[in-house]
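Heads up: the structure comes next, in structure tokens.
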Amino acid sequence: MDSQCLKNFPVTLFASVMGMTGLAIAYLRVAQWYGFAETIGMGLLVLSFTLFLSISIIYGTKFIYHCDEVLKEFHHPIRANFFPAISISLLLLAIASLEYYRPIAQVLWAAGALLQLIFTVVIISRWITRSFEIAHSNPTWFIPVVGTIIVPIAGVEFADRELLWFFYSVGAFFWLALFTIILYRLIFHPQLPQKFVPTLFILIAPPALGCIAYVKLTGAFDVMARIMLYVALFFVLLLASMIRYFSRLKFFVSWWAYTFPLCGATIATILAAKSANSAGLSVIAAALLVATTAVIIIVFIKTIAAFYNRKICEAEE
1142 MDSQCLKNFP VTLFASVMGM TGLAIAYLRV AQWYGFAETI GMGLLVLSFT LFLSISIIYG
1202 TKFIYHCDEV LKEFHHPIRA NFFPAISISL LLLAIASLEY YRPIAQVLWA AGALLQLIFT
1262 VVIISRWITR SFEIAHSNPT WFIPVVGTII VPIAGVEFAD RELLWFFYSV GAFFWLALFT
1322 IILYRLIFHP QLPQKFVPTL FILIAPPALG CIAYVKLTGA FDVMARIMLY VALFFVLLLA
1382 SMIRYFSRLK FFVSWWAYTF PLCGATIATI LAAKSANSAG LSVIAAALLV ATTAVIIIVF
1442 IKTIAAFYNR KICEAEE
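If you're matching positions, the sequence shown starts at 1142 in this note's numbering and goes up one per residue.
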């Protein structure tokens, strides 16, 4: 990779680790709960670790040789929201590997939870102390919130429950607050720039992951869990009805925003189907798994092609 490409290597590519690991978790849960072969899930998990290490090495090298560019991204009003994708990747890898490599999962979770807390405090403090315009707001602002909701999903196996409820409470509170702001921006202000349109799928993530974390913390698939699940599924249905709109978009790295939220909805539905012993939810979960797999394959191929054509190396505005 030449110096110019390294200089422009985007932090947003960590979202690809989120999508790939989310898909690995979905297949591993299907294998665990329905007795299917684990080959696909384990293969995706290995690919996810490889992807994370590769992107981390490249971005770490960028930090060494182009520190000013990394700091520029970290202080950008929009791109800064993708830095928690690093901590979320660690948390997801911990969830995926928990039942297979517990000591590694604990280390990944601890590192991810600490880094997530740091990113969340820094980013939210900026919202309070700096001047932002409504045009700066978009669904990527949910990424720090999503990370805090993910912390309890793996941590419930070995971390203090009160600490986990702390993370969950912060995530739930800011999800509701931010949702009001983002919805206002989407309805009453100009449409999102084309490159950020795929981030609309991030609307699916907080309720889907909130459902999973809530069930993990309480052990019950009750009314609250159902509300979050069906809100997430409504967003899936709403965005699916706009498929012709999304299909006309030019490829950007932000297409990875399609992937992890769909994985979250898939995993939440698989969990709900098992908890409620619902044949209907099982069918929905299967359909979501197929659709999510197809989307990730398409986005992965598009990303490889963008690397080949050096589109990834183009400077972002």
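By construction, the Cβ of each residue, glycine as well, lies at the ideal position given by its N, Cα and C atoms.
Which listed residue (the options) has its alpha carbon closest to that of residue i
| i | options | result |
| --- | --- | --- |
| Val-1152 | Ile-1199, Ile-1181, Gly-1360 and Arg-1302 | Ile-1199 |
| Ile-1358 | Tyr-1168, Trp-1316, Phe-1329 and Ala-1300 | With the sequence shown as reference, residue 1358 is identified as Leu, and Ile is not the correct amino acid for it. When only C-alpha atoms are compared, the closest one is Ala-1300. |
| Arg-1170 | Arg-1271, Ala-1420, Arg-1451 and Ile-1236 | Ile-1236 |
| Leu-1147 | Ser-1197, Lys-1391, Gln-1173 and Tyr-1175 | Ser-1197 |
| Thr-1444 | Leu-1233, Gly-1201 and Phe-1150 | Phe-1150 |
| Ala-1226 | Phe-1337, Leu-1154, Ile-1323 and Ala-1165 | Leu-1154 |
| Leu-1390 | Phe-1362, Ala-1426 and Gln-1335 | Gln-1335 |
| Thr-1270 | His-1216, Thr-1410, Asn-1418 and Leu-1234 | His-1216 |
| Ala-1447 | Glu-1274, Leu-1333, Pro-1402 and Phe-1393 | Phe-1393 |
| Pro-1285 | Ser-1144, Lys-1415, Gly-1296 and Leu-1319 | Leu-1319 |
| Arg-1267 | Ala-1172, Pro-1218, Ser-1195 and Ile-1368 | Pro-1218 |
| Ser-1238 | Thr-1433, Ala-1417, Glu-1274 and Thr-1162 | Thr-1162 |
| Ala-1432 | Ala-1414, Ala-1420 and Leu-1378 | Leu-1378 |
| Leu-1380 | Val-1338, Ala-1246, Leu-1370 and Met-1369 | Val-1338 |
| Ile-1205 | Ser-1230, Ser-1388 and Ser-1144 | Ser-1144 |
| Phe-1283 | Tyr-1386, Val-1356, Arg-1302 and Leu-1317 | Leu-1317 |
| Thr-1261 | Leu-1412, Glu-1298, Ala-1295 and Phe-1223 | Phe-1223 |
CB contact flag (residue i, residue j, <7 Å)
| i | j | result |
| --- | --- | --- |
| Ile-1442 | Gly-1160 | no |
| Val-1460 | Ala-1346 | In this structure the chain extends from 1142 to 1458, so residue 1460 is not present and cannot be described. |
| Thr-1340 | Thr-1281 | yes |
| Leu-1192 | Val-1158 | yes |
| Pro-1348 | Val-1372 | yes |
| Leu-1350 | Ile-1291 | yes |
| Ala-1309 | Ala-1251 | This sequence places Tyr at residue 1309; Ala is not what is there. Contact: no. |
| Gly-1253 | Ser-1228 | yes |
| Thr-1407 | Val-1440 | no |
| Cys-1404 | Leu-1234 | no |
| Trp-1396 | Ala-1156 | no |
| Leu-1374 | Ala-1167 | no |
| Ser-1278 | Ile-1343 | no |
| Arg-1326 | Ile-1275 | yes |
| Ala-1414 | Ala-1427 | no |
Which whole runs of the beta strand (DSSP E) in the segment 1276 to 1314 are 3 residues long or more, in chain order? none
As an exercise, report each continuous alpha helix (DSSP H) stretch of at least 4 residues that is fully enclosed by the segment 1341 to 1422, in chain order. 1346 to 1359, 1364 to 1381, 1384 to 1388 and 1400 to 1417
Does the pairing of the segment 1172 to 1186 with the segment 1202 to 1210 give three or more beta-carbon distances under 8 Å? no
Threshold first: 4 residues or longer. Then list the alpha helix (DSSP H) segments lying entirely within the segment 1167 to 1236, N to C. 1180 to 1206 and 1208 to 1215
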